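Trainee:
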Amino acid sequence: MVTPRLKTMDVALVLCLNIGTDPPDIVKPTPCARKECWVEPFSMPAQKALETIGKTLQSQYERWQPRARYRQSLDPTAEEIKQLCVSLRRHAKHDRVLFHYNGHGVPRPTSNGEIWVFNKSYTQYIPLLVYELQVWVGTPSIYLFDCSAAGILLQHFRSTDAILLAACGANEVLPMHPSLCADVFTSCLTTPITVALRWFLSQNEKSMGHLEPSVIDRIPGKLTDRKTPLGELNWIFTAITDTIAWNLFPPALFQRLFRQDLLVASLFRNFLLAERILKSQGCTPCSLPALPPTSHHPLWRSWDLAAETCLSQLHTPSPMAPPSTLPLNTVLTASPSADITFHHSRFFAEQLTAFEVWLEFGSPAKPPPPQLPIILQMLLNQALRLRALCLLTDFFELGPYAVNLTLNVGIFPYVEKLLQSPAPELRHVLVSIWCKIMALDKSCQVDLVKVDGHLYFLHHLTTPLLPDAQKIQALFVLSGLCDGFTLGQQALLPHVGSVTPFLSDANPMVRLWACLTLGKSWERFELPSAAALERQFAPPLLHLAASDPSPSVRASAVFALGAFPRQDVSLALQFSWCLLDASPLVRREGIVAYAGVVLHPRNVALFDMSDNSSVLDPSAASIWSALKQVQQNDPFPALRPLVKILLTRVPTAALASIIPRDNSLPNLETTPPSAASSVRPSQSLDSMSSVDNALSAVVLPTQLQSKLYAWASAEYNRGKPPPDEATDPLSPEGQLHLHRRRKYAAIRATATHLAIQKDDDIRHYGLHLRQSAVFNSKSEMSSLMVFHPVLVVADDKDQIAVWNVDSSDRVLQFSNQNPVGYVIVAVDRVPTLSRSRVTALGWLNQETQSLLYCGSDDGVVKVYESSNMVLAFAAVPDLTPGTRGSGLVTTWQQQTGLFFAGGNCSTLRGWQLDHEMCTIAVPTQTDACVTSLHSDDVMGCMAAGFGDGTVRLFDVRGAKSPMVLKEHSSWIVGTHLYRSKHELLSGSVSGDVKLWDLRYQKASVKTFEAHRSPMTALAVHDFAPLYATGSHNQFIKVFRQDGEQLALIRYHEGFLGEVSRSSSRRLS
1 MVTPRLKTMD
11 VALVLCLNIG
21 TDPPDIVKPT
31 PCARKECWVE
41 PFSMPAQKAL
51 ETIGKTLQSQ
61 YERWQPRARY
71 RQSLDPTAEE
81 IKQLCVSLRR
91 HAKHDRVLFH
101 YNGHGVPRPT
111 SNGEIWVFNK
121 SYTQYIPLLV
131 YELQVWVGTP
141 SIYLFDCSAA
151 GILLQHFRST
161 DAILLAACGA
171 NEVLPMHPSL
181 CADVFTSCLT
191 TPITVALRWF
201 LSQNEKSMGH
211 LEPSVIDRIP
221 GKLTDRKTPL
231 GELNWIFTAI
241 TDTIAWNLFP
251 PALFQRLFRQ
261 DLLVASLFRN
271 FLLAERILKS
281 QGCTPCSLPA
291 LPPTSHHPLW
301 RSWDLAAETC
311 LSQLHTPSPM
321 APPSTLPLNT
331 VLTASPSADI
341 TFHHSRFFAE
351 QLTAFEVWLE
361 FGSPAKPPPP
371 QLPIILQMLL
381 NQALRLRALC
391 LLTDFFELGP
401 YAVNLTLNVG
411 IFPYVEKLLQ
421 SPAPELRHVL
431 VSIWCKIMAL
441 DKSCQVDLVK
451 VDGHLYFLHH
461 LTTPLLPDAQ
471 KIQALFVLSG
481 LCDGFTLGQQ
491 ALLPHVGSVT
501 PFLSDANPMV
511 RLWACLTLGK
521 SWERFELPSA
531 AALERQFAPP
541 LLHLAASDPS
551 PSVRASAVFA
561 LGAFPRQDVS
571 LALQFSWCLL
581 DASPLVRREG
591 IVAYAGVVLH
601 PRNVALFDMS
611 DNSSVLDPSA
621 ASIWSALKQV
631 QQNDPFPALR
641 PLVKILLTRV
651 PTAALASIIP
661 RDNSLPNLET
671 TPPSAASSVR
681 PSQSLDSMSS
691 VDNALSAVVL
701 PTQLQSKLYA
711 WASAEYNRGK
721 PPPDEATDPL
731 SPEGQLHLHR
741 RRKYAAIRAT
751 ATHLAIQKDD
761 DIRHYGLHLR
771 QSAVFNSKSE
781 MSSLMVFHPV
791 LVVADDKDQI
801 AVWNVDSSDR
811 VLQFSNQNPV
821 GYVIVAVDRV
831 PTLSRSRVTA
841 LGWLNQETQS
851 LLYCGSDDGV
861 VKVYESSNMV
871 LAFAAVPDLT
881 PGTRGSGLVT
891 TWQQQTGLFF
901 AGGNCSTLRG
911 WQLDHEMCTI
921 AVPTQTDACV
931 TSLHSDDVMG
941 CMAAGFGDGT
951 VRLFDVRGAK
961 SPMVLKEHSS
971 WIVGTHLYRS
981 KHELLSGSVS
991 GDVKLWDLRY
1001 QKASVKTFEA
1011 HRSPMTALAV
1021 HDFAPLYATG
1031 SHNQFIKVFR
1041 QDGEQLALIR
1051 YHEGFLGEVS
1061 RSSSRRLS
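Structure follows, in structure tokens:
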């Protein structure tokens, strides 16, 4: 992220002027340019002029690098240059050396790579090979040649890493116009503002002809004071040249020349000005590395405007205006002749506006904003700083592309320095910016620790009424500071107690990042006070891991518990229930946490089963048993291989702590779909100093390393999410979503209208059904669910098939991966090996992006998006599997997100699926199995049918005893609560259907005989007064609510009798 820094601390100023004697190969006109460093050499004795020019040149360089060591060599010999260069290299060591050569008093360089110096008596010109010069100066170095034909030397430097600036091309002569100074190239590099303004006056005689060049000296202020007119001009010049270079140069070249060395950056900024001026005089400055042409960049017009705005205020002394009439951006400055009123330039404000316009339409697919380097310059201005930071925050919303661009421009030193600012108004934007920087590149950890940056974010967390987004971002930066960085952990651990209050924050994302920050602060960090750390933080983390409604928070709490340095077995046992959590994300973090405990050298002997010895420690025995249960029974397929890897490594864990065995392990994809989509690369564990250095942390394989932090961090390494296409009616997805909503709304409207009609109108309602498609799954249909235009079918094993109703094609088929186990299938109660069967199918989020859930008679529910399993958990862990009985019975409340499940067990459970945890457990108060479920979220009750013929109504909002309805004498096949009507419809195997008014509990309101043969299915329309029944003899009947039969479907008629040999198991 940050370019390696270099310093130019040693400068050789070599002047070969030989004042009074012109070189033999140059014919100078009269008059011609004579000034060197703005000094007239013929206004004083030659030797004094030479010394004055040398001192002036040094003072000009000192403006750019005041701490450098300068050595002058005036009209030197070759030996003097050698001694000078060797001395500077010895002093510079690994820093850069600048060699400045002015050859205006000697012949031009030769094609053999020679420059000219003098003999001791100044009677001859002596050639000096630049090859020898390079040997003396060494590397890194930068050479500046201000002489005619300087470009001819470039070919002799191409094989080195040296930087070279040449005043003109190989066959060019320096300009000698009397309006210029003789060393115009050097003057551009050392006094750019003076040269630029003089050149502007000479190029705009019509508009600026009334001003003498001497007026430039009247511009008040200092170059280093940006509040003064002269300082503001210098600031604008810096911003413009930086921006031109950033827009035209390759990124690597820009970093090398403009962000690596302050003096080199200043010289190359000014070199762009030299190119512009000298090209107008017929010369082309050259450089190594070569640069693209910049003299015609549009931003030079902005510089001309700024120069004109400043100079135009100097031409007429205006009388002093009353203070009340002066604009706010006015500077009053006194000159010898009059008081001058200056108005600040609007350059930066206009560039901010341009950047704001770009943000409205910009994207990563478009060219980057050209104003970006100018925006960074505005961070130096207190008045514009906040607005610039806010716009940068908006720019960062484009994602890593924007952050990387800004870092390449050079934002890091600015925002690092701003961490020392006490201004409270900057904290919010600075925290957001640092959050994006930390997400992109962790190398800033070193710089943050150096400046105690963690204290800034800890102090920010103490701000009253801090928004949740700011808490999350500050905690993310603190966690990133500790991620794999020991010095960051050492800096944060003494203050980590200030993170504890955020464990109880109302926002789950704040709690998540508080847990991750704590876990990262002590992860893989051995320290003597580890036991005290556990006593302080283990209780709140255990509470979160057990009861927090957010699955990601529970997982992060388990991560923090598993990261404790001691890896204590007794503490690990206290969160063993995380292996039974409904969320695969939490269970995976539990497995990873136990991997660190079980394979830790301190604990490996407790779990060593290589000699078939029993585990002696009770805590270790419990952990071992829990892991074996996960390996055998966990419903999420990706988690079982993790435990297998863990358990198979136990006998060789001691060896694994020294030599990782990753190559011997299968490369399994173990990330649950609900967990990480972006995983960090595996990192070996650092061996930290501890109380016992011999017991270092084990090196875990990649599969057993936590990916939770990388998954959570990925949120901040992405840009602002694009608009949801589902809400855009012009997008294909939006059109489909709109079509679904309109279709369902029309169906509901028709059904609701039918429901509120009078009985006489309902009697005239008819229903005509005809066969439209035949689906042959070549297996017995054990359960099915219709959802237009697809039909989902589960066979008698574990295959799920999806059929297109319109085309009669099977579009998808996948396995539910039901486990094989011993179940009672025979009358004699003999356990037999069999696969569990699917007994429940349904849809979640029917109107949007639907998810399919499948429940099997082992109590497990699996949720699919397309054919990808996204959730799997034991909804009824105490369910007894078998071919007889109802299996798993479920119902779903879309409005509340509650998923109810029951079966051959004594408890009905309600699962909050967005929390992935059980929130309701109601005793059935009967030994009979649950055969049907239906709930009404408006009334807050649930109707359950049982195998003994009873129907029980449970109040899921409290602990009231259930209402029991006992008129049925056989197995209940279906129950339905009419929404907000206090009415219940129930049907039993004996074929009777009963309508109940729940306000009168003594008896049913109506009873209908739907079938004389055993009834096997009952389905009720949610909105229309219709219900359908299916019987054992393959009849399906459709009734009105009043019991009038509307339709009869005979499955045995026609060719259907040849392909259907099963009764109607389920209707929907």
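The sequence shown maps to residues 1 to 1068 in the UniProt record's numbering.
No residue lacks a Cβ here, since even glycine has one placed at the ideal position from N, Cα and C.
Predicted model, so just to flag it, every value in this text is computed and none were measured.
#1: Looking only at its chain, what residues have a beta carbon closer than 8 Å to the beta carbon of Arg5, apart from the 5 residues adjacent to it on each side?
#2: What's the call for Leu455, buried or exposed, on a 16-neighbour Cβ count within 10 Å?
#3: Between the Cα of Leu144 and the Cα atoms of Ser287, Trp892, Lys55, which residue gives the shortest distance?
#4: Using 8 Å as the cut-off, can you tell me whether the region 37-51 makes contact with the region 180-192, which would need three or more C-beta pairs spanning the two stretches below that distance?
#5: Would you say the region 853-870 touches the region 918-929, given that touching needs at least three Cβ pairs under 8 Å?
#6: If you reduce the DSSP assignment to three classes, tell me which class Val135 lands in.
#7: For Phe946, which of helix, strand or coil comes out of DSSP?
#8: Contact check, residue 1124 vs Val956 under 8 Å by CB: the rounded distance?
#9: Across which residues does DSSP place Gly1030 in a beta bridge pair?
#10: With Gly54 as the anchor, note down where its alpha helix (DSSP H) starts and where it stops.
#11: Of the residues Leu372, Pro364, Leu380, which one's Cα is nearest the Cα of Trp246?
#12: Would you grab the beta carbon distance between Ser266 and Trp64 for me? Rounded to a whole angstrom, and I think it's under 8 Å.
#13: Whole angstroms is fine: what's the gap from Gly859's alpha carbon to Thr880's?
#14: What is the DSSP secondary structure of Trp843, counted as helix, strand or coil?
#15: Using a Cβ-based criterion (distance less than 6 Å to any ligand heavy atom), does Pro549 qualify as near the ligand SAH?
#16: From Asn18, Ser141, Trp303, Glu132, pick the residue whose C-alpha is nearest to that of Ala196; which is it?
#17: Closer than 8 Å is the cut-off here; do at least three beta carbon pairs connect the region 548-557 with the region 500-513?
#18: Measure the C-alpha to C-alpha separation of Arg742 and Gly842 and round it to an integer number of angstroms.
#19: Express the C-alpha separation of Leu440 and Val793 in angstroms, rounding to a whole number.
#20: On the DSSP bridge list, what partners appear for Tyr143?
#21: Where do the N-terminal and C-terminal ends of the beta strand (DSSP E) with Cys854 fall, by residue?
#22: At which residues does the beta strand (DSSP E) containing Arg587 begin and terminate?
#23: Excluding the 5 residues flanking Ser335 on each side, which residues of the same chain have their C-beta closer than 6 Å to its C-beta?
#24: Could you check how far apart the C-beta atoms of Gly887 and Thr839 are, in whole angstroms? I think they sit under 8 Å.
#25: State the DSSP-derived secondary structure class of Gly885, mapped to helix, strand or coil.
#26: Alpha carbons only, please: which of Asn818, Thr848, Gly885 is nearest the one belonging to Gly855?
#27: Give the range of the beta strand (DSSP E) segment to which Met939 is assigned.
#28: Give the range of the beta strand (DSSP E) segment to which Arg952 is assigned.
#29: Output the boundary residues of the alpha helix (DSSP H) element that contains Asp304.
#30: Measuring CA to CA, which of Thr750, Leu977, Thr702 is closest to Gln893?
#31: Can you give the Cα-Cα distance for Ser657 and Pro601, rounded to whole angstroms?
#32: Which residues bound the beta strand (DSSP E) around Gly902?
#33: Give the straight-line distance between the Cα atoms of Val790 and Ile800, rounded to the nearest whole angstrom.
#34: Could you tell me the distance, in whole angstroms, from the CA atom of Pro29 to the CA atom of Met176?
#35: For residue 1078, which of helix, strand or coil comes out of DSSP?
#36: Using the C-alpha atoms, what's the distance from Leu174 back to Ser280?
Mentor: So, from the listed chains and residues:
#1: Within the sequence shown, the letter at position 5 stands for residue 5. Hits under 8 Å: Gln260, Asp261.
#2: In the sequence shown, the residue the question calls residue 455 occupies position 455. When all chains shown are included, Leu455 counts as exposed.
#3: Position 144 of the sequence shown, counted from the first residue, corresponds to residue 144. Of Ser287, Trp892, Lys55, the residue nearest in Cα terms is Ser287.
#4: yes
#5: no
#6: In the sequence shown, counting from the first residue as 1, residue 135 sits at position 135. Val135 falls in the helix class under three-state DSSP.
#7: On the sequence shown, position 946 is the one that residue 946 refers to. Strand at Phe946.
#8: In the structure displayed, the chain extends from 1 to 1068; residue 1124 sits before or after that span and is not available.
#9: Here residue 1030 refers to the residue found at position 1030 of the sequence shown. Bridge partners of Gly1030: Ala1017, Ile1036.
#10: In the sequence shown, counting from the first residue as 1, residue 54 sits at position 54. Element bounds for Gly54: 46-64.
#11: The residue labelled residue 246 in the question sits at position 246 within the sequence shown. The shortest Cα separation from Trp246 among Leu372, Pro364, Leu380 belongs to Leu372.
#12: As a position in the sequence shown, residue 266 is number 266, starting the count at 1. As a position in the sequence shown, residue 64 is number 64, starting the count at 1. So it is a contact: roughly 4 Å between Cβ atoms.
#13: Stepping through the sequence shown from its first residue, residue 859 is reached at position 859. Stepping through the sequence shown from its first residue, residue 880 is reached at position 880. Going by the C-alpha atoms only, they are around 8 Å apart.
#14: Position 843 of the sequence shown, counted from the first residue, corresponds to residue 843. DSSP places Trp843 in strand when its eight states are reduced to three.
#15: Inclusion of the ligand SAH in the displayed structure is not the case, the ligand content being empty and no account of it being possible.
#16: As a working note, residue 196 is residue 196 in the sequence shown. Ranking the options by Cα distance to Ala196, first place goes to Trp303.
#17: yes
#18: The residue labelled residue 742 in the question sits at position 742 within the sequence shown. The residue labelled residue 842 in the question sits at position 842 within the sequence shown. Using only the alpha carbons, I get a separation of about 22 Å.
#19: Numbered from 1 along the sequence shown, position 793 holds the residue referred to as residue 793. Numbered from 1 along the sequence shown, position 440 holds the residue referred to as residue 440. For Val793 and Leu440, the distance between alpha carbons rounds to 46 Å.
#20: Counting from 1 along the sequence shown, the entry for residue 143 is found at position 143. Note: Tyr143 sits in a beta bridge opposite Phe99, Leu164.
#21: Mapped onto the sequence shown, residue 854 falls at position 854. First-last of the beta strand (DSSP E) with Cys854: 851-856.
#22: On the sequence shown, residue 587 is found 587 positions in, with the first residue counted as 1. First-last for Arg587: 584-598, but that is the alpha helix (DSSP H), not the beta strand (DSSP E).
#23: If you number the sequence shown from 1, residue 335 lands on position 335. Unreliable placement is indicated for Ser335, whose pLDDT of 42 sits below 50; the coordinate value is still reported in the next sentence. Counting only Cβ-Cβ distances below 6 Å, and skipping sequence neighbours, we find Arg218.
#24: On the sequence shown, residue 887 is found 887 positions in, with the first residue counted as 1. On the sequence shown, residue 839 is found 839 positions in, with the first residue counted as 1. About 3 Å; that satisfies the 8 Å criterion.
#25: The residue you call residue 885 lines up with position 885 of the sequence shown. If DSSP states are grouped into helix, strand and coil, Gly885 belongs with coil.
#26: Mapped onto the sequence shown, residue 855 falls at position 855. Residue Asn818 is the option with its Cα nearest to Gly855.
#27: Here residue 939 refers to the residue found at position 939 of the sequence shown. Looking at the DSSP string, Met939 is not in any beta strand (DSSP E), and its letter there is neither H nor E.
#28: Locating residue 952 in the sequence shown gives position 952, where the first residue counts as 1. Arg952 -> beta strand (DSSP E) spans 951-955.
#29: As a first step, residue 304 is located in the sequence shown; it is residue number 304 there, counting from the start. From DSSP, the alpha helix (DSSP H) with Asp304 extends over 299-311.
#30: As a working mapping, residue 893 is identified with position 893 in the sequence shown. Nearest of Thr750, Leu977, Thr702 to Gln893, Cα basis: Leu977.
#31: On the sequence shown, position 657 is the one that residue 657 refers to. On the sequence shown, position 601 is the one that residue 601 refers to. Annotation note: pLDDT 41 at Ser657 (below 50); position unreliable, coordinate value reported separately. So the alpha carbons of these two residues sit roughly 7 Å apart.
#32: By 1-based counting over the sequence shown, the position of residue 902 is 902. That run of the beta strand (DSSP E) goes 898-902.
#33: Your numbering for residue 790 matches position 790 in the sequence shown. Your numbering for residue 800 matches position 800 in the sequence shown. The alpha-carbon atoms of Val790 and Ile800 are separated by roughly 13 Å.
#34: Working through the sequence shown from its first residue, we reach residue 29 at position 29. Working through the sequence shown from its first residue, we reach residue 176 at position 176. Cα to Cα, the separation comes out at about 8 Å.
#35: The question about residue 1078 has no answer, for the chain in this structure spans 1 to 1068.
#36: Counting from one through the sequence shown, the residue named residue 280 turns up at place 280. Counting from one through the sequence shown, the residue named residue 174 turns up at place 174. One C-alpha to the other measures close to 12 Å.
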